[in-house]
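Participant: Residue numbers (this note's numbering): 2 to 97.
Just so it is clear, CB atoms sit at the ideal spot from N, CA and C, and this is done for glycine as well.
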């Protein structure tokens, strides 16, 4: 999410400099995106809405945290959870 938030600020300011391209490359290494072999980095995220949509979709893939009301005496086991991107539908990349 941090990379997408950085990309969002670049897109909002129409600042498509080398830092934007580096950040975009880092993000695309983590979240493989079907953009083909020749990528025009200035067209991947053209609007803030495109980036917000990507953030919203990534958030929807993460499991929601359970809210416990009352006294909880159990110790929570914090584990990093991985989401497989292989099963994601094509709608995930509809704005790209």
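(1) So, helix, strand or coil for residue 49, using DSSP?
(2) Is residue 54 close to the ligand ATP? I mean its beta-carbon at under 8 angstroms from any heavy atom of the ligand.
(3) Would you say residue 41 and residue 9 are within 9 angstroms of each other, going by their C-beta atoms?
(4) Look at residue 45 and residue 58 and say whether their C-beta atoms are less than 9 angstroms apart.
(5) If you follow the alpha helix (DSSP H) that residue 8 is in, where does it begin and where does it stop?
(6) In angstroms with no decimal places, state the Cα-to-Cα distance between residue 20 and residue 61.
(7) Counting only the same chain and skipping the five closest in sequence on each side, list residues whose C-beta sits under 6 angstroms from that of residue 76.
(8) Using C-beta distances below 7 angstroms, list every residue in its chain close to residue 7, excluding the 5 sequence neighbours before and after it, in chain order.
Facilitator: Taking the coordinates as given:
(1) Three-state DSSP puts residue 49 in a helix.
(2) The ligand ATP is not part of this structure, which contains no ligands at all.
(3) The criterion of a C-beta distance shorter than 9 angstroms is not satisfied by residue 41 and residue 9.
(4) At the C-beta level, residue 45 and residue 58 stay beyond 9 angstroms of one another.
(5) Residue 8 -> alpha helix (DSSP H) spans 3-13.
(6) Taking the straight line joining both Cα atoms gives about 28 angstroms.
(7) The pLDDT assigned to residue 76 is 49, lower than 50, so where the model puts this residue is not dependable, and the model offers no usable value.
(8) Excluding residues within five positions, the ones whose Cβ falls inside 7 angstroms are 24.
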